[in-house]
Amino acid sequence: MAKIIDGKLISAQIKDELKEKVAKEHIKATLAVIQVGNDPASCVYVGNKKKACEYIGIGSRSYELPEETTEEELLDLVDRLNADDEIKGILVQLPLPKTIDEKKVINRISPDKDVDGFHPQSVGRLCIGEDGFVSCTPAGIIELLKRSGIPIEGRECTVIGRSNIVGKPMALLLLANNGTVTVCHSRTKDLKEICKRADILVVAVGKPKMITSEYIKEGAVVIDVGIHRTESGKLCGDVDYEDVLPHVSAITPVPGGVGPMTIAMLMVNCVKAAGF
Ligand code: NAD
């Protein structure tokens, strides 16, 4: 029987641990959340992030800017928040409108307040194994594996996807945990053969149900990062869950797997940004 990795439960445990720490150590922190425009998905994510702050006992300050906000205006706000001692973490909800250069905005956030872990300094630290802010989704996946008692060291770990937010930091984190890591992407040849070698397969391909049992080694651990809404309104991942389930030793469901971990790890980063 495959173990279903319960991300909802594990993320709740992490948030409870943080709540206790914040109360016990009198941690004072405020997260600034900036949203430009009102993309419905972004509104939901921003709302959930603010709720999580409230739950663990830290503050959040919301900046809801109109779609027409210029790059200069946004950079000015980031500068002001960088200089504001009350603000310990700054989060700019992506995607930004096309008129704004995302890279420029991310690079402007002080590396000390980079709770999303997207700043080049944070990525560089991760790359050379120094402590710093780590991108929340891949950090959450490592936490899921550890708290589920799944060893990484010495195992064949394959990541499908090489985005800056998921695939690349995921590969670096698996490497830092002594996995033997292969990264696959849209130009990879023989994807199925490579995936079939994996003890741990992390799928962040952004294609609904693309990964079927043909990609899975018997007894593998499968982590599904994808999140899509089907025509019938249900959520599904990048993995064909029903098809692969009989072949895996452990798997994350969608919803309730990786998704809830992202916000829990954001809270971990906020507490860290406050110096704890
Ligand atoms: P992305 O589109 O930036 O990257 C997708 C990657 O998949 C690319 O590197 C590309 O090379 C690779 N790819 C595309 N087609 C491929 C193919 N046929 N074969 C092999 N590789 C292929 O996406 P992303 O931002 O990394 O996100 C991936 C998925 O994870 C999306 O479904 C996204 O919605 C989801 N996501 C979920 C969370 C969460 O909190 N659960 C967070 C971030 C992203």
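Under our numbering, the first residue of the sequence shown is numbered 117, with each subsequent residue one higher.
For glycine and all other residues, C-beta sits at the position ideal for the given N, C-alpha and C.
The structure presented is a predicted model; accordingly, all values stated were derived computationally and were not measured.
Cβ-Cβ separation between A336 and I316: approximately 7 Å, consistent with a contact (criterion under 8 Å). When the Cα atoms are used, R241 and A292 turn out to be separated by approximately 12 Å.
Separation of H235 and I258 (C-alpha to C-alpha, rounded to the nearest whole angstrom) is 20 Å. The alpha-carbon separation between I327 and L212 amounts to approximately 30 Å. For G175, the enclosing beta strand (DSSP E) begins and ends at G175 to L181. Closest by C-alpha distance to Y179, out of K166, E330 and K135, is K166.
Counting along the chain, the unbroken beta strand (DSSP E) around A148 starts and ends at T146 to V152. As for any alpha helix (DSSP H) of minimum length 4 sitting wholly inside the region 305-337, the runs are 307-311, ordered along the chain. Straight-line spacing of the CA atoms in S238 and L289 works out to 13 Å. Separation of S176 and C273 (C-alpha to C-alpha, rounded to the nearest whole angstrom) is 37 Å. Secondary structure note for G123: its alpha helix (DSSP H) is the uninterrupted segment G123 to K140.
Between the beta-carbon of L193 and that of I150 there is about 7 Å, and that keeps the pair under the 8 Å contact cut.
For A390, there is no enclosing alpha helix (DSSP H), as DSSP marks it with neither H nor E. Within the same chain, and ignoring the five residues on either side of A366 in sequence, the residues whose Cβ sits closer than 8 Å to its Cβ are A118, K119, I120, I121, S264, I266, V337 and V338. Rounded to whole angstroms, the separation of the alpha carbons of A314 and Y331 is 9 Å.
In its chain, beyond the 5 residues on either side, T146, L147, A148, R177, L197 and K229 have a beta carbon closer than 8 Å to the beta carbon of I203. Rounded to whole angstroms, the separation of the alpha carbons of H142 and I281 is 32 Å. Here the alpha carbons of P156 and E334 stand approximately 39 Å from one another.
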